[in-house]
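Residue numbers (the working numbering): 763 to 1015.
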């Protein structure tokens, strides 16, 4: 249960005389953050951002990830860990078997369940090539963790434009589109020119030497001649999915 929902539940129980003021005091005391020495877990973030702190897994030990995730769970928050290798995920799940691993996205989470068409729709996630798939899938799983149904269209890059144009009706009906592309990074501009909706562009580190590990597609996307393209950092599928969810949520109001 998110911190905001839990706080409301505690207040209702307090008014009904079922819990003491000490319980409320303890909950509020831990709201700003929980100090684990190596990390200060932001337990207040869901009240500010509508979703709890997300754990960046790369560079952390499995024990550190598990400790932060446990702190979030104890606060009633959902857990989402990005950039997690299979080996790290296996070790973390030894401590927290409740977490589900999405190997293609590199994500550990207890926030994602099968939506079965129940999620708020209108979000497309595209990858230019098969090699961009992992970053696009990171965006898609992030969207699903945030409660949105993500429709995937993979390997629809500009080297075979007919593959993209086949899906033109879907593209034109979308409320927001995430596009992951490496190499020349042109796909977001092309997609933006075909639709009225915002496009969130993700440059990937896929490409030959002159792509400079994603710098070349990043610059292409920043210089897009089509308006309405927002660009996140290289390989930041999570950031793209999060931004797309914010946009889609606004559009649904």
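Virtual Cβ for every residue (Gly too), placed ideally from N, Cα, C. In this text, all values refer to a predicted model and were calculated from it rather than measured experimentally.
Asked	Found
Ignore the nearest five residues each way along the sequence and tell me which others in residue 876's own chain have a CB closer than 7 Å to its CB.	Legend: pLDDT at residue 876 = 43, less than 50; position of this residue unreliable, value from coordinates given subsequently. So no residue of the chain qualifies.
Does residue 877 come out as helix, strand or coil in the three-state DSSP assignment?	For residue 877, the pLDDT reaches just 42, beneath the cut-off of 50, and the residue's location in the model is therefore unreliable, leaving the point undetermined.
Going by the beta-carbon positions, is the gap between residue 888 and residue 905 smaller than 8 Å?	no
Please list the terminal residues of the continuous beta strand (DSSP E) segment that includes residue 866.	Unbroken run through residue 866: none, as it is neither H nor E.
As an exercise, report each continuous alpha helix (DSSP H) stretch of at least 4 residues that is fully enclosed by the segment 891–949, in chain order.	895–907, 923–927, 930–935
For residue 807, which residues of its own chain have a beta-carbon under 6 Å away from its beta-carbon, when the five flanking residues on both sides are left out?	814, 815
Return helix, strand or coil for residue 850, following the three-state DSSP convention.	helix
Out of 868, 895, 801, which has the shortest C-alpha to C-alpha gap to residue 968?	895
DSSP on residue 966, reduced to helix/strand/coil?	coil
Which stretch, first to last residue, makes up the beta strand (DSSP E) that contains residue 992?	991–993
In this structure, what does DSSP give as the bridge partners for residue 845?	Paired residue(s): none; residue 845 is not in a bridge.
Quick one: using the 10 Å Cβ neighbour count with 16 as the cut-off for buried, is residue 987 buried or exposed?	exposed
Kindly indicate which three-state DSSP category residue 1009 falls into: helix, strand or coil?	helix
Between the segment 911–926 and the segment 965–982, can you find at least three pairs of beta-carbon atoms closer than 8 Å?	no
Report, in whole angstroms, the separation of the C-beta atoms of residue 890 and residue 955, which I expect to be a contact under 8 Å.	In fact, because the Cβ distance is near 15 Å, the residues do not count as touching under 8 Å.
With distances taken Cα to Cα, identify the nearest neighbour of residue 898 among 939, 802, 980.	939
Would you tell me roughly how many angstroms separate the C-alpha atoms of residue 902 and residue 786, rounded to the nearest one?	37 Å
What's the C-alpha gap between residue 947 and residue 995?	13 Å
Excluding the 5 residues preceding and the 5 following residue 788 in the sequence, name in chain order all residues of the same chain whose CB lies nearer than 7 Å to its CB.	none
At the level of alpha carbons, what is the spacing between residue 843 and residue 869?	5 Å
Any idea if residue 773 is buried or exposed, counting beta-carbon neighbours within 10 angstroms, 16 or more meaning buried?	exposed
Based on Cα-Cα distance, which residue from 885, 908, 832 lies nearest to residue 854?	832
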